[in-house]
Amino acid sequence: MSNLEWTDAAAVDDVPEDDVIGIVVAGRDLALYSAGGEIFATDNICTHGQARLCEGFLEGHEIECPLHQGRFDVRTGQPTCAPVTEAIRSYPVKVEGDRVFLAFA
Amino acid sequence: MSTDTIVIVGTGQAGGWAAQTLRKEGHAGRVVLIGDEPHIPYERPPLSKAVLAGEATAESTYLVKREAFDALALDWRPSVRVTAIDRADRQLRLSAGEPIGYDKLILCNGGRARTLPVPGVDLPGIFTLRNIEDAKALGQVLLPGKRLVVVGGGWIGLEVAATARKKGLAVTVVEAMNRLCERTVPPEISAYLSRLHASHDTQVILGASVAAFARADDGTLVVKLNDGDELVCDVVVIGIGLVPNDELAREAGLACDGGVLVDAQCRTSDADILAAGDVASWHCEWAGRRMRLESWQNAQEQGIAAARSALGIGVRYQPLPWFWSDQYETNLQIYGMPTPAHRVVARGAPDSDSFMLFYLDGNVVSAALGPNVARDLRFARRLIEQRKAIDPDRLADLRVPMSKL
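Residue numbers (numbering that gives the first Met the number 0), protein chains in the order written: chain W, 0 to 104; chain G, 0 to 404.
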């Protein structure tokens, strides 16, 4: 991970505990999650419908799409519940001080 | 598992999810998927919206991409109809090809659009909407400046009306009942829908039924109403509900009553034959009665449950009914089955654009619905599923976040 290029994406405080927000960084529509005290990042648009995951429902490490209630594991982007069958892209995250950095490589 | 050939009839959402689930659960035997459509399994909701509007392709509705479908290694029979179930020999007779034997059979053959038994209903320019080909044909005639009459103020009719208005047609909706979506929503939501469509300059005529269709000399269509009024238009869409395709099951002697009767394991009166989706009639505990649930959720979830049940996995199909409709920028959702026996609590003003109604048994929420409150309704779903007693005053108090209830 040491040679990843990190982009400053948000303040840690921007992401409410056990919740999700939507952000746009480097032209990408992204969802940032705070789950179990850790921050995770994925693309924001569900791989099934055209819904934004940041308007969804975070339960543990699973984000549920607000439109059709498909689910992804926010740690890996893997689909965990129908109707989603395709993984969503997840991004490496690091927290330094009070900032959240993402890697897009 | 001794079962080696499982046949699924129907390539809609229920059939598609049944097939995927059989493979996901490790069934390595033969899976035959028979459908009278040329397409691999797809979802129907976009047909009245993005596909009809020309904003999405037919292929975008496929449950999985073509490569993923091929990877399921199914014996897929497109554009083939099952003409009979021979239960004694456990085989299906087909409109094309040799009969196919089955060890387990899953009926997901859905329904068809109900038509009106009135003169002129077969005239060109009069459409129903059920499948991709219907959506393609209708989409071609929904042209800016044309006049559309929608017969039926239910979900399909209203979604088509909204799509047509967005495409620049003049739209009139004719509904036989005295309010919109009378069969599925309480009066507050019917009123909301009337306001929504009026605000988009759609004329909604309630309590009126169609006596006949005719073609005028100038080529336009005339919709003759029972009260003698006539509506002149270029295109008619009839959206007055669905007729379950239960004839196949009935002719095979399976118990049917406005649908194929199934238990909570999705089994019909023949334990080797299961049914799921629009065609299946089951006892819904949330509604307290036997019913068919014509919804996207039920097609998916019952298809999955039937496949698991066919493999001998214990299932007890009893989902909290969930329904949504998208019209213009409005997303309306319903959890549970509201009935007049419930006590209604409003959160937000029912004459506004965004509000929720809760339906309570005592102090327990058993259904909730509303326009443009998807996220809050997700919290309401949790309340319903937990069957937790709740203070109705807090429920109505917008200062109390739904997440804290």
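Glycine included, each C-beta is placed from N, C-alpha and C at the ideal position.
Close beta carbons around residue i, own chain, < 7 Å, minus the five adjacent residues each side
{"i": "Ala34 (chain W)", "result": "Asp17, Leu57, Gly59, His60, Val73"}
{"i": "Ala155 (chain G)", "result": "According to the sequence provided, residue 155 (chain G) is Ile. The question's Ala does not apply to it. Closer than 7 Å at the Cβ level, and outside the excluded window around Ile155 (chain G), lie Ser47, Leu128, Gly238."}
{"i": "Tyr327 (chain G)", "result": "Ala161, Leu195, His199"}
{"i": "Asp226 (chain G)", "result": "Ala207"}
{"i": "Arg386 (chain G)", "result": "Val363"}
Proximity test, Cβ basis, 7 Å: residue i and chain G
{"i": "Phe71 (chain W)", "result": "no"}
{"i": "Pro65 (chain W)", "result": "yes"}
{"i": "Thr46 (chain W)", "result": "no"}
{"i": "Glu16 (chain W)", "result": "no"}
{"i": "Glu61 (chain W)", "result": "no"}
{"i": "Phe79 (chain W)", "result": "It should be noted that the sequence gives Thr, not Phe, for residue 79 (chain W). Not one chain G Cβ lies under 7 Å of Thr79 (chain W)."}
{"i": "Thr58 (chain W)", "result": "The sequence given here has Glu at residue 58 (chain W), not Thr. No, no contact with chain G."}
{"i": "Glu54 (chain W)", "result": "yes"}
Residue i, DSSP secondary structure in three states
{"i": "Met336 (chain G)", "result": "coil"}
{"i": "His196 (chain G)", "result": "helix"}
{"i": "Val135 (chain G)", "result": "With the sequence shown as reference, residue 135 (chain G) is identified as Lys, and Val is not the correct amino acid for it. Correct three-state label for Lys135 (chain G): helix."}
{"i": "Phe378 (chain G)", "result": "helix"}
{"i": "Arg27 (chain W)", "result": "strand"}
{"i": "Tyr191 (chain G)", "result": "helix"}
{"i": "Ile237 (chain G)", "result": "strand"}
{"i": "Phe68 (chain G)", "result": "helix"}
{"i": "Leu46 (chain G)", "result": "helix"}
{"i": "Ile99 (chain G)", "result": "strand"}
{"i": "Ala34 (chain W)", "result": "strand"}
{"i": "Ser1 (chain G)", "result": "Residue placement at Ser1 (chain G) is poorly supported in this model, since its pLDDT is 48, which falls under 50; the coordinates are not used for a value here."}
{"i": "Cys180 (chain G)", "result": "coil"}
{"i": "Thr84 (chain W)", "result": "coil"}
{"i": "Glu58 (chain W)", "result": "strand"}
{"i": "Pro243 (chain G)", "result": "strand"}
{"i": "Gln385 (chain G)", "result": "helix"}
{"i": "Ser402 (chain G)", "result": "helix"}
{"i": "Arg315 (chain G)", "result": "coil"}
{"i": "Ala112 (chain G)", "result": "strand"}
{"i": "Ile7 (chain G)", "result": "strand"}
Whole-number beta carbon distance between residue j and residue i, since they are thought to touch under 8 Å
{"i": "Gly167 (chain G)", "j": "Gly144 (chain G)", "result": "6 Å"}
{"i": "Leu376 (chain G)", "j": "Ala367 (chain G)", "result": "6 Å"}
{"i": "Asn108 (chain G)", "j": "Val278 (chain G)", "result": "6 Å"}
{"i": "Ala40 (chain W)", "j": "Leu31 (chain W)", "result": "5 Å"}
Identity of the residues DSSP links to residue i by a beta bridge
{"i": "Trp295 (chain G)", "result": "Partner(s): none; Trp295 (chain G) has no beta bridge."}
{"i": "Arg129 (chain G)", "result": "Answer by DSSP bridge pairing: none, since Arg129 (chain G) is not bridged."}
{"i": "Arg214 (chain G)", "result": "G:Leu220"}
{"i": "Ala279 (chain G)", "result": "G:Val259"}
{"i": "Val148 (chain G)", "result": "G:Thr171, G:Val235"}
{"i": "Asp42 (chain W)", "result": "W:Leu29"}
Beta-carbon proximity list for residue i, same chain, < 6 Å, skipping 5 on both sides
{"i": "Arg80 (chain G)", "result": "Asp35, Ser94"}
{"i": "Pro185 (chain G)", "result": "Pro337"}
{"i": "Gln202 (chain G)", "result": "Thr171"}
Test: residue i CB closer than 7 Å to a CB of chain W
{"i": "Ala373 (chain G)", "result": "yes"}
{"i": "Arg393 (chain G)", "result": "no"}
{"i": "Arg377 (chain G)", "result": "yes"}
{"i": "Gln332 (chain G)", "result": "no"}
{"i": "Val364 (chain G)", "result": "no"}
{"i": "Gln90 (chain G)", "result": "no"}
{"i": "Val63 (chain G)", "result": "yes"}
{"i": "Gln299 (chain G)", "result": "yes"}
{"i": "Ser1 (chain G)", "result": "No answer about Ser1 (chain G) holds up, because its pLDDT of 48 lies below 50 and its placement is not dependable."}
Cut-off 8 Å between Cβ atoms - residues of its own chain near residue i, not counting five sequence neighbours on either side
{"i": "Phe100 (chain W)", "result": "Trp5, Thr6, Asp7, Ala8, Val92, Lys93, Val94"}
{"i": "Ser402 (chain G)", "result": "Phe378"}
For the segment 310-325 of chain G, which residues have a CB atom closer than 7 Å to at least one CB atom of chain A, in sequence order?
Among the chains of the structure shown, chain A does not appear; the protein chains present are W and G.
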